[in-house]
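In this text, residue positions in the sequence shown follow the working numbering: the first is 3, and each later residue adds one. Backbone N, C-alpha and C fix where the C-beta goes; we use that ideal spot for every residue, glycine too. Just below is one structure, and these are the notes that go with it.
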Amino acid sequence: MGVSVSMLASGSRGNCAIVASAHTRILVDAGISCRETFRRMKTVGQDPHSLSAILITHEHSDHICGLARLARKLHTPVFMTGATHQGWARAVRDEQGEKPQLEKFERFESGHRFQVGDIEVKPFTIPHDAADPVGFTFRAEGIKVGFVTDLGYVPASVRDHLRGCDVLVMESNHDLEMLRVGPYPWAVKQRVMSRVGHLSNVALADYFINDYDNSATFVVLAHLSEQNNHPEIARREAEKALATRGGLFHNRVLLAPQTEALQPIRL
Ligand SMILES: [Zn+2]
Ligand SMILES: [Zn+2]
């Protein structure tokens, strides 16, 4: 059956994806409602009750807002770092006035790999303004998937982790010019553009041109801003950058949408 990646939702209004092997299914982030997660899982042929684990990258609401309910309903183990767990608990308490409980909370540490079924997970630190944000690589059946969104820039450590990926999911958040002239208040623009904000199309292109090892069969552009980007601009920038490496022959560029699931990528 092989390995599959299903992008259920991607962007500032909610993030959720599934990385699956023949025997294991991992939900990466729970940033859309429980109901919508169930609905989109159905459209990609996945049964919510068969999830092996839920992994959380960081505690921003577009990555966790469906978590409490989803975990309660499915009794699925939830994996996150201690600091992310505290950040999540604080956010839920502030909103609902009660201390949230996770039935099965599994703590991991950035930099330390762990196993979920037959999938090996390696979390690594990314530069973003959250308590303890991480990206992941997943390995199963000889396939490597790299998954990294919500980062201000691509540090050397992240570039190292992303070598040899067969599927690469990466943030292509904004077009710098659209952000500059767009409707966001100046303080928000500065946050997005900062070293702990979000990755621009041009920063991703720069990574492709200078550091990427051309290993992926599929490159997925993720966490696109609806206000400050356009899918075709993001695609054009990425394809132009990959073409300079002669990499367009084997890198298929896909875009992860906000409002619907992308058909599963299978390897
Ligand atoms: Zn986000
Ligand atoms: Zn974030």
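Proximity to residue i [Cα-Cα], best of the options
{"i": "Ser112", "options": "His51, Ser159, Ala93 and Val7", "result": "Ser159"}
{"i": "His62", "options": "Phe40, Ala85, Lys44 and Gly47", "result": "Ala85"}
{"i": "Ala245", "options": "Glu262, Pro266, Ala224 and Asn212", "result": "Asn212"}
{"i": "His77", "options": "Ile56, Asp31, His60 and Ala93", "result": "Ile56"}
{"i": "Asp131", "options": "Met195, Pro233, Ala205 and His51", "result": "Met195"}
{"i": "Arg238", "options": "Thr59, Leu257 and Pro79", "result": "Leu257"}
{"i": "Leu152", "options": "Glu105, Leu201 and His51", "result": "Correcting the residue identity first, residue 152 is Asp in this sequence and not Leu. That would be Leu201, whose Cα lies nearest to the Cα of Asp152."}
{"i": "Ser97", "options": "Gln192, Cys67 and Gly154", "result": "A small fix is needed here, since residue 97 is Glu in this sequence, not Ser. Comparing Cα positions, the closest option is Cys67."}
{"i": "Lys75", "options": "Gly154, His51 and His163", "result": "His51"}
{"i": "His232", "options": "His176, Val190 and Val156", "result": "His176"}
{"i": "His60", "options": "Met82, Ala189 and Val183", "result": "Met82"}
{"i": "Val46", "options": "Met180, Ile20 and Gln260", "result": "Ile20"}
{"i": "Asp162", "options": "Met180, Asn17 and Asp215", "result": "Asp215"}
{"i": "Val94", "options": "Phe116, Val80, Ala205 and Leu69", "result": "Leu69"}
{"i": "Asp31", "options": "Lys44, His25 and Met9", "result": "Met9"}
{"i": "Arg165", "options": "Phe140, Pro185, Arg182 and Glu173", "result": "Phe140"}
{"i": "His25", "options": "Cys18, Lys44, Leu53 and Asn17", "result": "Leu53"}
{"i": "Ser16", "options": "Leu29, Ala236, His225 and Val183", "result": "Here the sequence assigns Gly to residue 16, which means Ser is not the residue at that position. Measuring from the Cα of Gly16, the nearest candidate turns out to be His225."}
{"i": "Pro79", "options": "Arg182, Met43, Arg115 and Leu29", "result": "Leu29"}
Under 8 Å between C-beta atoms of residue i and residue j
{"i": "Phe220", "j": "Arg247", "result": "no"}
{"i": "Val136", "j": "Phe126", "result": "yes"}
{"i": "Gly4", "j": "Leu269", "result": "yes"}
{"i": "Pro266", "j": "Ser6", "result": "yes"}
{"i": "Gln88", "j": "Ala133", "result": "yes"}
{"i": "Ile121", "j": "Ala91", "result": "no"}
{"i": "Val222", "j": "Ala240", "result": "no"}
{"i": "Arg71", "j": "Gln48", "result": "no"}
{"i": "His65", "j": "Gly33", "result": "yes"}
{"i": "Lys242", "j": "Ala207", "result": "yes"}
{"i": "Val123", "j": "Phe138", "result": "yes"}
{"i": "Glu100", "j": "Ala73", "result": "no"}
{"i": "Gln260", "j": "Glu234", "result": "no"}
{"i": "Val198", "j": "Leu178", "result": "no"}
{"i": "Pro187", "j": "Gly154", "result": "no"}
Identity of the residues DSSP links to residue i by a beta bridge
{"i": "Asn176", "result": "This sequence places His at residue 176; Asn is not what is there. Looking at the DSSP assignment, His176 forms a beta bridge with Ser202."}
{"i": "Thr127", "result": "Val136"}
{"i": "Ser117", "result": "Contrary to the premise, residue 117 reads as Gln rather than Ser in this sequence. DSSP lists Glu122 as partners of Gln117."}
{"i": "Ala22", "result": "Ser6 and Arg27"}
{"i": "Glu108", "result": "Phe81"}
{"i": "Leu170", "result": "Gly148 and Val221"}
{"i": "Ala142", "result": "Ile145"}
Residue i - containing alpha helix (DSSP H), residue span
{"i": "Thr39", "result": "Cys36 to Thr45"}
{"i": "Gln88", "result": "Gly84 to Gln98"}
{"i": "Val160", "result": "Ala158 to His163"}
{"i": "Ala189", "result": "Trp188 to Met195"}
{"i": "Leu69", "result": "Leu69 to Leu76"}
{"i": "Ile66", "result": "Ser63 to Ile66"}
{"i": "Ala245", "result": "Pro233 to Thr246"}
Start-to-end residues for the beta strand (DSSP E) that takes in residue i
{"i": "Gln103", "result": "Neither: Gln103 is in no beta strand (DSSP E) and is coded neither H nor E."}
{"i": "Met9", "result": "Ser6 to Ala11"}
{"i": "Ile56", "result": "Ala55 to Leu57"}
{"i": "Ala224", "result": "Phe220 to Ala224"}
{"i": "Leu269", "result": "That residue, Leu269, is in no beta strand (DSSP E); it is neither H nor E in DSSP."}
{"i": "Leu256", "result": "Arg254 to Leu257"}
{"i": "Gly148", "result": "Ile145 to Val150"}
Residue i: CB within 7 Å of a non-hydrogen atom of ligand 4
{"i": "Asn231", "result": "Absence of ligand 4 from the depicted structure is noted, with ligand 1 and ligand 2 being the only ligands included."}
For the structure I just gave you, are there three or more beta carbon pairs, one from the region 169–184 and one from the region 137–151, closer than 8 Å?
yes
Contact the region 101–110 vs the region 38–53: 3+ CB pairs below 8 Å:
no
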